[in-house]
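Undergrad: First residue of the sequence shown: 1, per UniProt numbering; consecutive thereafter. Glycine included, every Cβ here is placed at the ideal spot set by N, Cα and C. Computed from a prediction, not measured in an experiment: that's the story for all the values here.
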Amino acid sequence: MNFASNRKLISVLFAGSAFVGLATAAHADGTPECNDAAAEATECGTDATTGTAEGATAVGNGASATGTDAVAIGGDDAGTDPATASAPSTVAVGGESDATTPGATAIGWQAQATGAMGTAVGHQTTASGDQSFASGEDAVASGSNAIAIGNKAVANGGDAIAIGGVRDFIDANGNGIADVNEDDDDTNDITVTTATGPSTTVVGGQAFASGPGATAYGWRSAADGERATAIGHLATAQGIRSLAVGENADAQTDMATAIGNESTANGIDALAIGDAAMAMGNSTTAVGGESVASTPGATALGWQARATGAMGTAVGHQSTASGDQSFAGGEDSVASGDNAIAIGNTAQATGGDSIAIGGNRDGDSGASTIASGPSTTVVGGQASAMGPGATAYGWRSNATAERATAIGHLATASGVRSVSLGEAATATGNGSIAMGNEAVASGTNSVAIGNGAVAENDGQVVVAGLGTSVASQTGPLAFVTADANGTLGMSATAGTSNLASFDDVAANTAAIGANSALIADNSMAILDLQDRQSMMFDLAQENSTQIRRANEGVALALAMESPIIMPGKTIGVAGGFGYYNDRVAGSASVGYRISDSTVLTGGVGLGFDSGEVGARAGFQASW
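(1) According to the Cβ coordinates, are Ala113 and Gly94 closer than 8 Å?
(2) Since I believe Asn339 is in contact with Ser326 (beta carbons under 8 Å), could you give me their beta-carbon distance rounded to a whole number of angstroms?
(3) What runs of the beta strand (DSSP E), each 3 residues or longer, lie entirely inside the region 562–601?
(4) With a threshold of 8 Å between beta-carbons, can Ala439 be considered close to chain C, or not?
(5) Answer with buried or exposed for Arg220, where buried requires no fewer than 16 other C-beta atoms within 10 angstroms of its C-beta.
(6) In three-state terms, what does DSSP make of Met536?
(7) Determine the burial state of Phe133: buried for a count of at least 16 other Cβ atoms within 10 Å of its Cβ, exposed for fewer.
(8) With the cut-off set at 8 Å, would you say Gly157 and Pro198 are in Cβ contact?
(9) Tell me which same chain residues have a C-beta within less than 6 Å of the C-beta of Asn145, skipping the five on either side of it?
(10) Helix, strand or coil, according to DSSP, for Ile149 in the structure here?
(11) On the DSSP bridge assignment, give the partners of Thr66 in chain order.
(12) Return the bridge partner residues of Glu43 from the DSSP annotation.
(13) If contacts are defined as beta-carbon pairs under 8 Å, then Gly431 and Gly415 qualify, I think. What distance do you get, rounded to the angstrom?
(14) On the CB-based measure, 16 or more other CB atoms within 10 Å of its CB, does Asn543 come out buried or exposed?
(15) Roughly how many angstroms separate the alpha carbons of Ala585 and Ile355, rounded to a whole number?
(16) Just curious, the beta strand (DSSP E) that Gly115 is in, first and last residue?
(17) Rounded C-beta distance between Thr257 and Leu234? I'm assuming under 8 Å.
(18) Can you tell me which of the three DSSP states Thr284 falls into?
(19) Helix, strand or coil for Leu234? Go by DSSP, reduced to three states.
(20) Please say whether Ile161 and Ala195 have beta carbons closer to each other than 8 Å?
(21) From Ala454 to Ser446, what does the alpha carbon distance come to, in whole angstroms?
(22) Distance, Cα to Cα, Gln304 vs Val573?
(23) Just reading off the beta strand (DSSP E) that Thr346 is part of, what are its end residues?
(24) Looking only at its chain, what residues have a beta carbon closer than 6 Å to the beta carbon of Lys152, apart from the 5 residues adjacent to it on each side?
(25) Can you confirm whether the region 579–593 touches the region 557–571 when touching is taken to mean that 3 or more C-beta pairs between the two stretches lie within less than 8 Å?
(26) Check Ile240 in the structure and name its three-state DSSP category.
(27) My output table needs one value for Asn266: the three-state DSSP class, helix, strand or coil.
(28) What number of angstroms, rounded off, separates the C-alpha of Val287 from the C-alpha of Ala434?
(29) Using 8 Å for Cβ pairs, my map puts Ser375 next to Gly351. What's the rounded Cβ distance?
(30) DSSP has Val192 in a bridge; who is on the other side?
(31) Which stretch, first to last residue, makes up the beta strand (DSSP E) that contains Ser420?
(32) Gly394 and Ala411 look like a contact to me (Cβ under 8 Å); what is the Cβ gap, rounded to whole Å?
(33) Out of Asp76, Asp458 and Ile149, which one is the CA nearest neighbour of Gly45?
(34) Are Thr119 and Gly136 close, meaning C-beta to C-beta below 8 Å?
(35) In the structure shown, what three-state DSSP assignment does Phe608 receive?
What follows is the structure, given as structure tokens:
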């Protein structure tokens, strides 16, 4: 510039994006000195031009400010692609920068602001959406009101927001590269922060949000579905309205929710909460670190709880429900049969329709409560029922054969269809019965009745204390008789004390004949009475069933819990057990905060006797 010229620039002042040039009188021409152009415009630089624009300022080799109040600062060596501000109130600062729509601002080399009132700040940034904002090297905001901040950030939907950059570029071979080429197969593993779709929001380096209303927060987080939300380092939400929260959390399907580091929810309405929790199937629920619910409708609650049977439920530390519609409740409990129920620490129900209720207080030195086989039932700590239809009630009671029944503390029934009743009662023979404390029936079809009674021979019947009973008899004695059908009767002895009874036989015979006719009449009446009695029994049975169900319903109501959602939390889960009049039920409930003042709750319960199912739903609002 010729500083001796009468066109010498006295001063140049910058304030924000405005440029003020104070120059001596001059005229617009192709010289590099500053000139006063038409309509109070200023041109500084070779071939700088303001055209006919009022109040425009063009500074730089070939700079062009042709809009009213436009400012263009910057040029290039050849003057072929200078800074250009071509619309009213536009600002272009930087070599080859362009601001082409009213109110647009472009600052930086090759910055492009082509949307109305768009702003592009940075090297090669682009703001092509109306009122969009792009800041950072190669950032792009192409949607209306879109915001892209960070190197190579992209916001290409209306109201989209992308904040984050790419800290380094690594190719498939682990080598650093200078740029990203999305069409190059060698660099297709590189992602840039991208918000694609209306109202999408992404914050994090190389994060991604695609779909209306999708939201992603965290490095390489990805929300790929309408209104999907991914929060956390490498978190992924791939379904419509899915939610993933936590490091590498993954919600893969519509309405799925995964909360916790490495958690996975893969199924419609699936819910996984906890570190490495997995809900794999429609309507599955896994709550607890490393918990797994892997079949439709399955529920697992507790650390390493596993529900792998369809609609199975596992509640407790390391509990397992692998049978369809099975239930396991308690630490290390296992329900592996279909419709099986295991309740208590280490309890096991391994047969279809089996029930095991009881725990192990002695740890490794104790035994698990086990129901092994179809339709087995065991209730009692460390008790066992092993064999189809076997039943055991009582601490360490054992029924170990088909349809065997053991009732009582330490009772044992090991014969097929055997029965033991009483403390330490033992029935080892097939079809044997032992009734009484420490009674033993070891012969086939033997019967031992009374404390300490022992029946060792097949078919033997032993009544404890019979000698003492005989010694206590008084008056005339008789002996027991039996006919071919086994019907018992009493006969007089041959002793003289009862000879008189023979004289009465004839008289009794006549009386019996007379009574026979009356007995026949009574028989008909009895038959009619029996029919009525049968009807009454049926009604009584139905009433009993309904009463049990009603009691179970009360237990269900007692079991229902309403989750308490702590301040700042969104979801709460609660569970409970209820007992009423010998009926037990369990429930699981969930609460969801839909706003600061409104909470929705819902729960479902299951009765353990009749299998009754109850449900509740509610809401709470405050203002």
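TA: Taking the definition as stated:
(1) no
(2) 6 Å
(3) 571–580 and 583–595
(4) In the structure shown, chain C does not exist; there is a single protein chain.
(5) buried
(6) helix
(7) buried
(8) yes
(9) Gln131 and Asp159
(10) strand
(11) The partner list for Thr66 (beta bridge, DSSP) is empty, contrary to what the question assumes.
(12) Asn35 and Ala58
(13) 7 Å
(14) exposed
(15) 14 Å
(16) Run containing Gly115: none; DSSP gives neither H nor E here.
(17) Incorrect: roughly 17 Å between the Cβ atoms, too far for contact.
(18) coil
(19) coil
(20) yes
(21) Reading off the sequence shown, one finds Val at residue 454, where the question assumed Ala. Looking at the two C-alpha atoms, the distance is approximately 9 Å.
(22) 17 Å
(23) Unbroken run through Thr346: none, as it is neither H nor E.
(24) Asp138, Val166 and Val192
(25) yes
(26) coil
(27) strand
(28) 47 Å
(29) 7 Å
(30) DSSP output for Val192 lists no bridge partner at all.
(31) Val419 to Leu421
(32) 6 Å
(33) Asp76
(34) no
(35) coil
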